[in-house]
Every structure is written in C-alpha cells, then in structure tokens.
Amino acid sequence: MVGGGGREHTLVRTLLASPAQPRVICAPGNAGIALDVPCFPVAADDVPGLVALAKKEAVKFVVVGPEVPLSLGLADQLIAAGIPVYGPKAAGARLEASKIFTKHILLKHKIPTAAAGIFTEVAPALAYLRTRGAPIVIKADGLAAGKGVVVAQSLAEAEAAVHDMLAGNKFGAAGSQILIEDCLVGEETSILVVVSGRDYVILPTSQDHKRIGDGDTGPNTGGMGTYSPAEVVTPALLARIENEIVRPSVNAIADEGLDYCGTLFIGIMLTPSGPSVIEYNARFGDPETQVVLPRLASDLLELLWLAAQRRLAGYQLRVRDDVHALCVVVAAKGYPDKFPKGDVITFPATLPAGVTIYHAGTAKNAAGQVVTNGGRVLGVTALAPTLRAAADAAYTACDAIACSSKYFRRDIGAKQLLRR
Ligand code: AMP
Ligand code: GLY
C-alpha cells in the first residue's frame, strides 16, 4: 500500500479483511496504519524508493493511494519491473493532474461539464471574467492538494484569484495555466469507479463536505466528512449518471489511449438540468473511501486484483445495503491554512458500536505518543442501520477524542437527514 492518509488506512484495513489473508505492508503509512501492518519510511512521492522497496520485499501487488506518485509514473515503473499495480499510469493520472487536459476530453467526447475558458495571461482572463460575470470558478490547472479551486461569489474575488494564480504564483507551476469555469449549482456527489480498460464497476455512492465550516461555509478543503449511500442519487439518477457520464467517460479514456487501470473518481454536480462532471480524480477519494469501502460485502483485494489483471468483465459487486456509513474528519484547527503539528491525541478507551477511527495526519513523537502531523488528522467512521444512528455514534466518538487543536464540522450528513 502506498500512501499515509485516512484513505490508505481504510484501504489497508479492508485489504486485511480479505479471505486471501494477504500480508500487507505500507509506505510511508502513519501512526494508525503502523498498528495494523509494517510501515516503511519511504515517501509517497519517492518513485525509485517505492519500486526498490517493492522489489526488496518481493511485493506481489501494489495498490497506490495518492495522486502524486501516480502522476510521477509509479505505476509505469512498477509495470516495467514486472510488479502488478492498481492505479493508472502517468498518462491516465493526467486526468487529475491537469484540469485543462480533462476539460478537452470532456468537451471532445460530449460528456456534460461546465463551459470554460483557458488562460495563461492575466489580461485576457480578466476580460473573459467580465463577459461571464459572477459567481464563477477559477481553477489552477495542476495539482494543488484540493486547494487550487476558488468559487468566486463576486467579480472582485474572481479577479483576485486570477492575479494570485497567474501573477502571484500562488500555486507555482500548477497555477501557471488556469481554467475559468461557469459556476454549476446543485448538490455534489462522488462516484468512484473501478476501471480496467473498458470494463468498470461502480462503487457505492457518497457525498463529501468540501468546505471547512458548518453549513458549507469558508474555504474548500480536501474534504471534511462523508456519508454513504448518498440518497440524493436515486437508482434512476444513478442509471442516468452511468449512461451519460460513467460509460462515456470510461470509453473516452480508452479511446484516448490512456490504458486506464485504477479508480476513476468522478466529481459530479447534480444540476437542475442534469448531472455534470466537475472533475476526474485518478484515485480513491479521501474521505469518500472511509465510508464506501466499509459498505462493500465483496472482497476488495479480489476486485482490485481482477482490475489489475484486466479480468473485470462480468464482475458482480456485492454491497451492504443494510448499513449507512458516515465519516467525520477531525482536522487540526487552522486547516486548510496554517495549523499546528505535534499536538498529543488521546483516544477514548472504548468506542461506540460500529465506530472505527482511521488515522490520517498522525505520527508518533519521541515519547511514543500519537500526535497530529497533518491538516486532516483522523477519520471517524460509524456504520449503523440508519444515517442518524451513524452520525450519533461518530459524533460521540469525536467528542471523546482529546486534542488541543481538534476541529471538526458538526453537520456531516445533515443535508440528507433534513431531506428526510
Ligand atoms: P475540484 O478540485 O475540481 O474538485 O473542485 C473543488 C470543489 O470546487 C468542488 O468539489 C466543487 O465544490 C467546487 N467546484 C469546482 N468546479 C465548480 C463549478 N464549475 N461550479 C461550482 N462549484 C465548483
Ligand atoms: N474528497 C475529495 C477528494 O478526495 O478529492
């Protein structure tokens, strides 16, 4: 397992539960993953180091969590070394690493998405802004850890974002080209698809909470909480999403010669005129994974292995339709801007039934205590027969975790609970 966040902790736990009883190792992992499996201090972006580790440990199958090693060609290098891998090659990871690349593919293949302009210079970008008006969305082309998107409510805010990215170098090379995209209105859903060439398996639906604050306020983050299933995606709507977005996307990616094997995460806005693609990611979502995988009745290892072997045709996924899952992300106060590291975390001695704490940004200090080591620190997931019960259990656990810089949203799942 490559990576060291909440997504990877969930993947490790789920792979360990396979009837195949795999021996799992992780690089670099975190304090929680290290309690489950051996972790090796090789950074997730150290491609030669990861390949060397896989060889040294005689690894038979690599599952890659984050986008950065994928876009640096980790899958290409592993394949060249004869090691099977779940995760796309660099050419496929470009679907996430370049929003402009993806926009071209979406438009070419007539997959629903917002209209957009592409700019490298400030003056034409500002002129375009004035023709479109606010609200409007400014996006850095490249990878920016989920922070390269500004949904501007006013022209002034939009102009500032254009200056920050194109002139102020706020995201470095990632922001040297930008997209200016019409603002889509609606609810978002995350559709995770296991892709193997032209074959695919759609995983259970989920919804993320992207903003830092309750009521979807404040800046965008990597994601502050999730739940699954997302009931806003009715079976009829899911069928429409499959027909208009999932299948056309998988085929477009194959037609473009990207030879994709891995998770295709499709961020979708459910607009009044239909579902529209916001983005592709080339990996599992974080924290979507923390609610989607616990709802699988199928063996995840077998699923990912069949995908990597290009033997996914005819696969039937089994889902636990009897449970709702909800994940509250415990972050360090200050995230997504500056936040402290090294604060001691004290865990409750017992957890409510159905609760699992996945570690994300955690480490051990010299005294052996678990401390904060990132913006998103923990993913507290609860499984229960109802979403209400899952939320209650997750929040009981969140309240029982002690950490001086603890911050979490209080309203994860509220939209679905209120809708009922
Ligand atoms: P991305 O990094 O592309 O996922 O964008 C981050 C977030 O920005 C998305 O999850 C949406 O909440 C928001 N966003 C991105 N593009 C648009 C758009 N065209 N209209 C409205 N919101 C958007
Ligand atoms: N939670 C959104 C993402 O993984 O990009």
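If you're matching positions, the sequence shown starts at 66 in our numbering and goes up one per residue. Each residue gets a CB set at the ideal place from its N, CA and C atoms; glycine is no exception.
Near the ligand AMP: isoleucine 343 beta-carbon under 7 Å from a heavy atom | Placement of the Cβ of isoleucine 343 at a distance of less than 7 Å from at least one heavy atom of the ligand AMP is found.
Report whether the distance from the Cβ of proline 106 to the nearest heavy atom of the ligand GLY is below 7 Å.
-> Proline 106: no, Cβ never under 7 Å from the ligand GLY.
Is it true that the segment 428-446 meets the segment 405-418, where meeting means three or more beta-carbon pairs spaced less than 8 Å apart?
-> As far as the Cβ criterion goes, the segment 428-446 touches the segment 405-418, which means the pair count is three or higher.
What does isoleucine 144 pair with, by DSSP beta-bridge criteria?
-> Isoleucine 144 is not bridged to any residue.
Using the C-alpha atoms, what's the distance from serine 470 back to proline 200?
-> One alpha carbon belongs to proline 200, the other to serine 470, and they sit about 33 Å apart.
Nearest-angstrom Cβ-Cβ length linking valine 342 and threonine 185, presumed shorter than 8 Å = Cβ-Cβ separation between valine 342 and threonine 185: approximately 23 Å, too far for a contact (criterion under 8 Å).
Under the three-state reduction of DSSP, which class applies to glycine 332: helix, strand or coil?
-> Three-state DSSP puts glycine 332 in a strand.
Could you tell me the distance, in whole angstroms, from the CA atom of valine 357 to the CA atom of glycine 327?
-> It is roughly 16 Å from the alpha-carbon of valine 357 to the alpha-carbon of glycine 327.
Check whether the Cβ of alanine 180 sits closer than 7 Å to any heavy atom of the ligand AMP, and report yes or no.
-> Every heavy atom of the ligand AMP is 7 Å or more from the Cβ of alanine 180, so no.
For the segment 423-476, which segments carrying the beta strand (DSSP E) assignment without a break, of at least 3 residues, lie completely within its bounds, in sequence order?
-> Within the segment 423-476, complete beta strand (DSSP E) segments of at least 3 residues are found at 427-429, 435-437, 441-449, given in chain order.
Unbroken beta strand (DSSP E) run spanning phenylalanine 184, endpoints | First-last of the beta strand (DSSP E) with phenylalanine 184: 181-184.
Distance, valine 393 Cα to alanine 456 Cα | If I take the Cα positions, the gap works out to 8 Å.
Which residues bound the alpha helix (DSSP H) around isoleucine 170?
-> According to the DSSP assignment, isoleucine 170 belongs to the alpha helix (DSSP H) that extends over 164-173.
Measure the C-alpha to C-alpha separation of glutamine 381 and glutamate 161 and round it to an integer number of angstroms.
-> The straight-line gap from Cα to Cα measures roughly 27 Å.
Count the C-beta pairs between the segment 272-280 and the segment 234-243 that are closer than 8 Å, then say yes if the count reaches three, no if not.
-> Short answer: they don't touch.
Measuring CA to CA, which of Tyr325, Leu115, Tyr345 is closest to proline 134?
-> Measuring C-alpha to C-alpha distances from proline 134 to each of Tyr325, Leu115, Tyr345 identifies Leu115 as the nearest.
May I ask you to report which of helix, strand or coil DSSP gives lysine 154?
-> Assignment of lysine 154 by DSSP, reduced to helix, strand and coil, places it in the coil class.
Mark lysine 403 as exposed unless 16 or more other C-beta atoms lie within 10 angstroms of its C-beta, in which case mark it buried.
-> Its Cβ having fewer than 16 others within 10 Å, lysine 403 is exposed.
Would you list the residues whose beta-carbon is nearer than 5 Å to any heavy atom of the ligand GLY, in the order they occur in the chain?
-> Any residue whose Cβ sits closer than 5 Å to a heavy atom of the ligand GLY makes the list: Asp273, Gly288, Gly350, Asp351.
Helix, strand or coil for lysine 121, going by three-state DSSP, please let me know.
-> Residue state, collapsed to three classes: helix.
Which of the three DSSP states, helix, strand or coil, is assigned to asparagine 308?
-> In the three-state reduction of the DSSP assignment, asparagine 308 falls in the helix class.
To the nearest angstrom, report how far apart glycine 70 and lysine 168 are at their CA atoms.
-> Glycine 70 and lysine 168 have their alpha carbons spaced roughly 28 Å apart.
With a threshold of 7 Å, establish whether the CB of glycine 332 neighbours any heavy atom of the ligand AMP.
-> Taken from the Cβ of glycine 332, at least one heavy atom of the ligand AMP lies inside 7 Å.
How about aspartate 206: is its Cβ closer than 7 Å to a heavy atom in the ligand AMP?
-> The answer is no for aspartate 206.
Between the C-alpha atoms of arginine 88 and leucine 81, what's the straight-line distance to the nearest angstrom?
-> Distance between the alpha carbons of arginine 88 and leucine 81: 8 Å.
Close Cβ partners of valine 77 (< 7 Å) along its chain, the five nearest in sequence each way excluded = The answer, listed in chain order, is Met66, Val89, Cys91, Ile98, Asp101, Val102.
When the Cα atoms are used, what is the spatial distance from aspartate 387 to glutamate 309?
-> The C-alpha of aspartate 387 lies about 28 Å from the C-alpha of glutamate 309.
Considering only the beta carbon of each residue, do valine 311 and valine 258 sit closer than 8 Å?
-> One thing to note: valine 311 has its Cβ within 8 Å of the Cβ of valine 258.
Would you give the residue range spanned by the alpha helix (DSSP H) that histidine 74 belongs to?
-> Boundaries of the alpha helix (DSSP H) around histidine 74: 71-81.
Starting from the C-beta of cysteine 289, find all residues in its chain whose C-beta is less than 6 Å away, skip the five residues before and the five after it, and write them out in chain order.
-> The amino acid at residue 289 is misidentified as cysteine; the sequence shows methionine. Excluding residues within five positions, the ones whose Cβ falls inside 6 Å are His274, Val394, Arg474.
Which ranges does the beta strand (DSSP E) cover as unbroken runs of at least 3 residues, wholly within the segment 276-306, from first to last along the chain?
-> Those beta strand (DSSP E) runs which fall completely within the segment 276-306 and span 3+ residues are 276-278, 282-285, 290-293.
Lysine 480 (DSSP reduced to helix, strand or coil) = In the structure shown, lysine 480 sits in a helix (DSSP, three-state: H, G or I).
Spell out the partners DSSP gives isoleucine 524 in its beta bridges.
-> The displayed coordinates of the chain run from 66 to 485. Any statement about residue 524 would go beyond what the structure contains.
So what does DSSP say about aspartate 273, is it helix, strand or coil?
-> Strand, per DSSP.
Inspect the CB distances between the segment 122-129 and the segment 142-157 and report whether three or more fall short of 8 Å.
-> Result yes; three or more Cβ-Cβ pairs closer than 8 Å.
Valine 260: buried (16+ other C-beta within 10 angstroms of its C-beta) or exposed?
-> By the C-beta density criterion, valine 260 is buried, having at least 16 other C-beta atoms within 10 angstroms.
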